[in-house]
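Scroll down for the structure; my scribbles are underneath it.
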Ligand SMILES: [Fe+2]
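The following block contains the structure:
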């Protein structure tokens, strides 16, 4: 049986945090704390949100707020998969459900700039870890699966991430390309 109660509670908590509003650093700190509580609870992410796709990493919609003020995504990287350097254009918090995620963050160039990207930080995130991945002013990173099992993370974003126009970057030149990462279909 799916243990949905903990997720329902988490969604209620995030909705209250988002509605209260404030600085993105304040919002993400509170969402990160709530996500930590969820990951330590008995909640089990249903298997339908853990299915990798052998061709590309996938993003499943676990929850999208009716007013699109936030969304909860399950991001799945199969062993050896990576997401190209991208931004989010909103805030984001990541919690690891299984496996290991390797993240390289980059200094966000201004929208007018096109120059080689500068690395900011490299980090490994393990099962149970929570991290603030993004605020609108610092949201460029590259993510890959660093475990021998698929890496599954719950990613919370400050909008409907399946609809936001955002950008993919070329590391050497800083050239960017607009993309919308559409939600992948959940199969039961
Ligand atoms: Fe990302």
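In the UniProt record's numbering, the protein residues as written are 1 to 188. Backbone N, C-alpha and C fix where the C-beta goes; we use that ideal spot for every residue, glycine too.
Next item on the list: Give the secondary structure of residue 30 by DSSP, where H, G and I count as helix, E and B as strand, and everything else as coil.
Entry: As a first step, residue 30 must be located in the chain shown, where it is residue number 30. The answer is helix: DSSP assigns residue 30 an H, G or I state.
Notebook entry, point to check: Contact between the region 117 to 133 and the region 161 to 168: three or more CB pairs below 8 Å?
Noted result: No, the region 117 to 133 does not touch the region 161 to 168.
Next item on the list: Kindly confirm or deny that the region 34 to 53 and the region 5 to 16 touch, where touching means at least three C-beta pairs closer than 8 Å.
Entry: Output reads yes: the region 5 to 16 touches the region 34 to 53.
Item checked: Distance, residue 109 Cα to residue 135 Cα -> Counted from its first residue, the chain shown places residue 135 at position 135. Counted from its first residue, the chain shown places residue 109 at position 109. Put simply, the backbone Cα of residue 135 is about 14 Å away from that of residue 109.
Next item on the list: Could you tell me if residue 70 is buried or exposed, where buried requires 16 or more neighbouring beta carbons within 10 angstroms of its beta carbon?
Entry: In the chain shown, counting from the first residue as 1, residue 70 sits at position 70. Around the C-beta of residue 70, 16 or more other C-beta atoms lie within 10 Å, and the residue is accordingly described as buried.
Checklist line | Own chain partners of residue 90 with C-beta closer than 8 Å, once the 5 adjacent residues on each side are dropped | finding: Here residue 90 refers to the residue found at position 90 of the chain shown. In its chain, beyond the 5 residues on either side, 134, 136, 139, 157, 158, 159, 161, 164 have a beta carbon closer than 8 Å to the beta carbon of residue 90.
Checklist line | Beta-carbon proximity list for residue 81, same chain, < 6 Å, skipping 5 on both sides | finding: For the purposes of this step, residue 81 is taken as the residue at position 81 of the chain shown. Within the same chain, Cβ atoms closer than 6 Å to the Cβ of residue 81 are found at 57, 145, the five residues on either side in sequence being excluded.
Checklist line | Length of the line joining the Cα atoms of residue 130 and residue 183 | finding: Here residue 130 refers to the residue found at position 130 when the chain shown is read from its first residue. Here residue 183 refers to the residue found at position 183 when the chain shown is read from its first residue. When rounded, the separation of the alpha-carbon atoms in residue 130 and residue 183 is 22 Å.
Item checked: For residue 1, the three-state DSSP class (helix, strand or coil) -> As a position in the chain shown, residue 1 is number 1, starting the count at 1. Because the pLDDT of residue 1 is 39, which lies under 50, any placement of that residue in the model is unreliable, and the number read from its coordinates should be weighed accordingly. Reduced to three states, the DSSP call for residue 1 is coil.
Check: What did DSSP end up calling residue 63 once you bin it into helix, strand or coil?
Finding: Looking up residue 63 in the chain shown gives position 63. In this structure, residue 63 counts as strand in the three-state DSSP scheme.
Next item on the list: Taking the CB atoms as reference points, tell me whether residue 155 and residue 75 lie closer together than 7 Å.
Entry: Counted from its first residue, the chain shown places residue 155 at position 155. Counted from its first residue, the chain shown places residue 75 at position 75. Yes. Within cutoff.
Checklist line | Cβ-based burial, residue 47 [other Cβ within 10 Å; buried from 16] | finding: As a first step, residue 47 must be located in the chain shown, where it is residue number 47. Exposed is the call here.
Checklist line | Three-state class that DSSP yields for residue 19 in the structure shown | finding: To locate residue 19, count along the chain shown from 1; it is residue 19. Here residue 19 carries a helix assignment [DSSP, helix/strand/coil].
Next item on the list: Round the Cβ separation of residue 61 and residue 99 to the nearest angstrom and send it over; I've been treating them as touching at under 8 Å.
Entry: For the purposes of this step, residue 61 is taken as the residue at position 61 of the chain shown. For the purposes of this step, residue 99 is taken as the residue at position 99 of the chain shown. So it is not a contact: roughly 20 Å between Cβ atoms.
Check: So the beta strand (DSSP E) residue 119 belongs to, where does it begin and stop?
Finding: Position 119 of the chain shown holds residue 119. Annotation for residue 119: the continuous beta strand (DSSP E) segment containing it runs 119 to 125.
Note to self: Using C-beta distances below 8 Å, list every residue in its chain close to residue 34, excluding the 5 sequence neighbours before and after it, in chain order.
What the structure shows: As a first step, residue 34 is located in the chain shown; it is residue number 34 there, counting from the start. Closer than 8 Å at Cβ, skipping near neighbours: 10, 13, 14, 17.
Margin query: Just verifying my parser: in three-state terms, what is the DSSP assignment at residue 36?
Written below: Within the chain shown, residue 36 is the residue found at index 36, counting from 1. Correct three-state label for residue 36: helix.
Notebook entry, point to check: Would DSSP call residue 13 helix, strand or coil?
Noted result: Taking the first residue of the chain shown as position 1, residue 13 is located at position 13. Helix at residue 13.
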